[in-house]
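This report refers to the structure that appears directly beneath it.
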Amino acid sequence: MAGRPLVGVLALQGAFLEHEAVLRGLGADTVQIRTPTDLAGIEALVLPGGESTVMSMMLTSTGLWEALNVLDLGELPILATCAGAILLAKDVLDGRPDQGSFGLVDLSVRRNGYGRQIDSFESPVELDDGQPPFPGVFIRAPIIERAGPGVTVLARVAGPAGPTPVLCRAGNAVVATFHPELTRDGRIHRLAFGSLLGDAPPASGAAHGTSGRL
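So in this note's numbering, spot 26 of the sequence shown is number 17, and the numbers just go up one at a time.
This is how it looks when you write it as structure tokens:
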């Protein structure tokens, strides 16, 4: 592919600067998505963490909800992390009546499934890539309680009811319930956008931005 791919990063909440830093380290250009006009020309999309109810309302108030549906999310490579995973899930088991989701991935998720902020944790995530485990950072993470037949579960960690999916792929979408952007390991971003990134160098030396952790 000629040139650097352009990845849009939803920049309404969360650690979007950290996502941008990882992507730039992998050889992509990024644009922060705050209004529908920011979507012009993007080749992939990141839906970062945050507070899923607030993000849903902000997407609606900015016009991005309608614009993203018109864009046809199913055709776009997407990485959705933490609250972003909730936005893509078909079923949000404990969502508010006014909370929307795009319903793109056949998952049933429960918000804050591991507990409150104090129950946030780190856990190694085993990937089938012959490399050391990925350093999973789980902050008020959702739990995936069901993955539909069209969803491939790529990794699990221990949950309240046993091994729980934390990384899934469905079509062009990769969903993670943890925060890969809060590490200096670019493997999850490469997993989502490898077809665009080609042979770009790894992100191990990329500098991170300064937005606050969730």
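Think of the CB as a built atom: it goes at the ideal place given N, C-alpha and C, for glycine as much as any other residue. Owing to the predicted nature of the structure, the values given are computational and were not obtained by experimental measurement.
Residue span of the beta strand (DSSP E) that contains residue i, given as start and end
{"i": "G127", "result": "F125 to F129"}
{"i": "S111", "result": "Careful: S111 lies outside any beta strand (DSSP E) and carries neither H nor E."}
{"i": "I134", "result": "I134 to A138"}
{"i": "A2", "result": "Note, A2: premise wrong, no beta strand (DSSP E); not H, not E."}
{"i": "G150", "result": "T143 to G150"}
{"i": "A19", "result": "Counting along the chain, A19 falls outside any beta strand (DSSP E), and DSSP gives it neither H nor E."}
Closest by C-alpha distance to residue i, when choosing among the options
{"i": "D120", "options": "A146, E113, P151 and L62", "result": "A146"}
{"i": "A74", "options": "L59, A161, L62 and S92", "result": "S92"}
{"i": "L38", "options": "I134, L17, E172 and D176", "result": "E172"}
{"i": "V100", "options": "H10, L(-3), A167 and P126", "result": "A167"}
{"i": "V144", "options": "D63, H180, V96 and S114", "result": "V96"}
{"i": "V116", "options": "R131, G141 and I179", "result": "I179"}
{"i": "M49", "options": "T72, R25 and G40", "result": "R25"}
{"i": "T174", "options": "G94, E113, G(-6) and R102", "result": "E113"}
{"i": "G153", "options": "Y105, Q90, L14 and G94", "result": "Y105"}
{"i": "R102", "options": "I130, L118 and F125", "result": "I130"}
{"i": "Q122", "options": "A149, G177 and V128", "result": "G177"}
{"i": "N163", "options": "T155, S186 and V148", "result": "S186"}
Start-to-end residues for the alpha helix (DSSP H) that takes in residue i
{"i": "S249", "result": "The shown model of the chain, from -8 to 205, leaves out residue 249, and the question about it has no answer."}
{"i": "T168", "result": "Note, T168: premise wrong, no alpha helix (DSSP H); not H, not E."}
{"i": "E57", "result": "L55 to L62"}
{"i": "T44", "result": "S43 to S52"}
{"i": "L14", "result": "F7 to G16"}
Close beta carbons around residue i, own chain, < 6 Å, minus the five adjacent residues each side
{"i": "G203", "result": "Any answer about G203 is weak, because its pLDDT of 33 lies below 50 and its placement is not dependable; what the coordinates show is given next. Cβ neighbours of G203 beyond the five flanking positions: none."}
{"i": "L158", "result": "L145, A146 and A167"}
{"i": "H199", "result": "Bear in mind that a pLDDT of 35 at H199, under 50, signals an unreliable position, so the model cannot answer this."}
{"i": "Q4", "result": "G41 and M46"}
{"i": "V142", "result": "D97, C159 and A161"}
Residues of its chain near residue i, where Cβ-Cβ distance is below 7 Å and the 5 sequence neighbours each way are ignored
{"i": "P27", "result": "G54, L55 and A58"}
{"i": "G32", "result": "L(-3)"}
{"i": "R181", "result": "L17 and L188"}
{"i": "A2", "result": "Q23, I24 and R25"}
{"i": "R137", "result": "L98 and S99"}
Cβ separation of residue i and residue j, assumed to be a contact under 8 Å, to the nearest whole Å
{"i": "D29", "j": "G(-1)", "result": "7 Å"}
{"i": "A35", "j": "P68", "result": "4 Å"}
{"i": "A183", "j": "L70", "result": "4 Å"}
{"i": "P124", "j": "A76", "result": "No, P124 and A76 are not in contact; Cβ-Cβ is about 20 Å, not under 8 Å."}
Chain-order list of residues whose beta-carbon lies under 8 Å from that of residue i (same chain, five-residue window excluded)
{"i": "R87", "result": "T44"}
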